[in-house]
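Numbering-wise, this note's numbering comes out as the position in the sequence shown, counting from 1, plus 1.
Virtual Cβ for every residue (Gly too), placed ideally from N, Cα, C.
Just so it is clear, the structure is predicted and the values come from calculations on it, not from any experiment.
Quick notes on the structure that follows.
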Amino acid sequence: MPDRADIIWLDFDPQVGREQAGRRPALVISSIIYNRIGLALVCPITSKVKGYPFEVALPVSGKISGVVLADALKNVDWRGRNADFIAKAVPAVIIEVQEKLRTLVL
């Protein structure tokens, strides 16, 4: 079961419009308490760095490279989207993503 700060593989298809698509990594934002219901709040990760203000860079030394798209927060059925654990994000990444999310939703 995914927990906050996990980086997981997810199937993002089907997608609509400019949403991220395909099987890709994502950062879990929600806690395990919420995720027990079978849903999780996640931010997709992309290797295509564009320099947008809501991108959060992952450390180069990690298993996954690229940026977390904090402004692409999505609620997903993690079982239905075939979630697979990859790694834990370093605390600095989750803190920066949470700060960017505060800008969006508060």
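Count the other CB atoms, across all protein chains shown, that sit within 10 Å of the CB of arginine 5; report buried if there are 16 or more and exposed otherwise.
-> buried
C-alpha gap between isoleucine 30 and alanine 41, whole angstroms | Between isoleucine 30 and alanine 41, the C-alpha separation is close to 7 Å.
To which residues of the same chain is asparagine 36 closer than 8 Å at the C-beta, ignoring the five residues directly before and after it?
-> Met2, Pro3, Asp4, Val29 and Trp79
Under the DSSP definition of a beta bridge, which residues are partnered with valine 94?
-> The partner list for valine 94 (beta bridge, DSSP) is empty, contrary to what the question assumes.
Start and end residues, beta strand (DSSP E) containing isoleucine 9 | Isoleucine 9 -> beta strand (DSSP E) spans 7 to 12.
Assuming lysine 49 and alanine 71 make a contact with CB atoms under 8 Å, what is their CB distance in whole Å?
-> Not confirmed; about 15 Å, so no contact.
How long is the line joining the alpha carbons of valine 98 and valine 57, rounded to whole angstroms?
-> Using only the alpha carbons, I get a separation of about 6 Å.
Kindly indicate which three-state DSSP category valine 61 falls into: helix, strand or coil?
-> coil
CA nearest to the CA of valine 106, picked from Asp7, Pro45, Ile34 and Leu74 = Leu74
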